[in-house]
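Before any comments, here is the structure.
Numbering (this note's numbering), first residue to last: 129 to 477.
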């Protein structure tokens, strides 16, 4: 029987997994000092200002925090003068802090799981976190030069952080957030996404790949089937957050061996107040029957991290996948050795 890490890799690469990989069993999402120096609200907490000057709130029973964009709180007041408003926070952290996170990375049993550097928010998210969503979409059309310059500024910051993470913490995978659409559509056309973001991500993901990361996992809990060619060009190995609206059985067959898909269990269908175990079990079994094969697909709650809004949902999905594997692949779930989770959060964007 393959270890969770081995099985995850085989699934992602369209190789020879011996069962469906089970959600985040093979990923340990590890933080870095930049994240503790940029405050983020806890569930139920409102109006927390981070190191970029972005105000975030995390209303109860939602999958993650999101910026507050009342006129007084938008960071970029004028895109033509964005440099007056956007100031990257320092990355000069004490060595003791790096030592603290290095101990977390080093505690991961890499025979069982990847020690995955966790980065959020992504480039597009940073643009609209700083400038507000509608303004940002208009700016991509009307102020192309300024948006290219802003994205380069954000990319340079990410590359400086990547250099520190790779040299000091030595991850063997990257888990990178950037939501690129809603449940039914992308936020922009493939051509616009390619014009503004693909080269930047090729640079960032290429850096991690060239400095010890075996897998690049991009989170976008959304529709995004039309962006799959872009993701491949960016160097993405696994698209995590792939919602059921992407017709996972079809894209798995089309792209198996080129890019893996991790998701399928949309929060709107699973992570709901009146959930029950039997309904989730039936939903999981039906979805796995439709996908047919673990080659190229990792079943998972769509949101970007282990856990759920409502207590017990993530664990119930996990148990159902284990039961499916026992029934269809003759795998004894009690014999699977798993590394403990590094951290769990009540909801992820």
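Beta carbons: idealized from backbone N, C-alpha and C, even for Gly.
Computed from a predicted structure; not experimentally measured.
Check                                                                                                                    : Outcome
Unbroken alpha helix (DSSP H) run spanning residue 407, endpoints                                                        : 405-419
Buried or exposed (CB count within 10 angstroms, at least 16 for buried), residue 258                                    : buried
Whether residue 305 touches residue 253 by CB criterion (8 Å)                                                            : yes
Inter-residue spacing [alpha-carbon to alpha-carbon] between residue 260 and residue 266                                 : 10 Å
Residues near residue 285 in its chain [Cβ-Cβ closer than 7 Å; skip 5 each side]                                         : 216
Own chain partners of residue 175 with C-beta closer than 7 Å, once the 5 adjacent residues on each side are dropped     : 183, 185, 196
Opening and closing residue of the alpha helix (DSSP H) in which residue 263 lies                                        : 261-270
Per-residue DSSP class, three states only, for residue 388                                                               : strand
Length of the line joining the Cα atoms of residue 453 and residue 355                                                   : 31 Å
Sequence-distant residues of the same chain with beta carbon closer than 7 Å to residue 161, five excluded per side      : 221, 225, 226, 229
Beta-carbon proximity of residue 480 to residue 256, cut-off 8 Å                                                         : With the chain represented from 129 up to 477, any question about residue 480 goes unanswered, as that position is not in the structure.
Nearest neighbour of residue 451, chosen from 159, 353, 411 [CA to CA]                                                   : 411
Runs of alpha helix (DSSP H) wholly within the stretch 148-196 (minimum 4 residues, chain order)                         : 161-164
Supposed close pair residue 303, residue 245 - CB separation, criterion 8 Å                                              : 7 Å
Host alpha helix (DSSP H) of residue 381 (start-end)                                                                     : 376-383
Nonlocal neighbours in the same chain, by C-beta distance under 7 Å from residue 290, ignoring five residues either side : 332, 335, 336
Contact belief for residue 239 with residue 133 at Cβ below 8 Å, rounded distance in angstroms                           : 7 Å
Pairwise C-alpha distance: residue 202 and residue 210                                                                   : 12 Å
Nearest neighbour of residue 341, chosen from 323, 371, 301, 326 [CA to CA]                                              : 301
Whole-Å CB distance - residue 366 paired with residue 390, under 8 Å assumed                                             : 5 Å
Coil, strand or helix - residue 137 by DSSP                                                                              : helix
Own chain, CB closer than 8 Å to residue 353, minus 5 neighbours either side, in chain order                             : 374, 375, 379
Contacting residues, own chain, Cβ-Cβ under 8 Å from residue 180 (five flanking each side not counted)                   : 166, 203, 214, 215, 216, 217, 254, 257, 258
Environment of residue 457 [buried if 16+ CB atoms lie within 10 Å]                                                      : exposed
Rounded separation between residue 463 and residue 418 - CA only                                                         : 27 Å
Terminal residues of the alpha helix (DSSP H) in which residue 356 lies                                                  : 356-362
Residue interval of the beta strand (DSSP E) (run including residue 349)                                                 : 343-350
Proximity of residue 152 and residue 468 at Cβ, strictly below 8 Å                                                       : no
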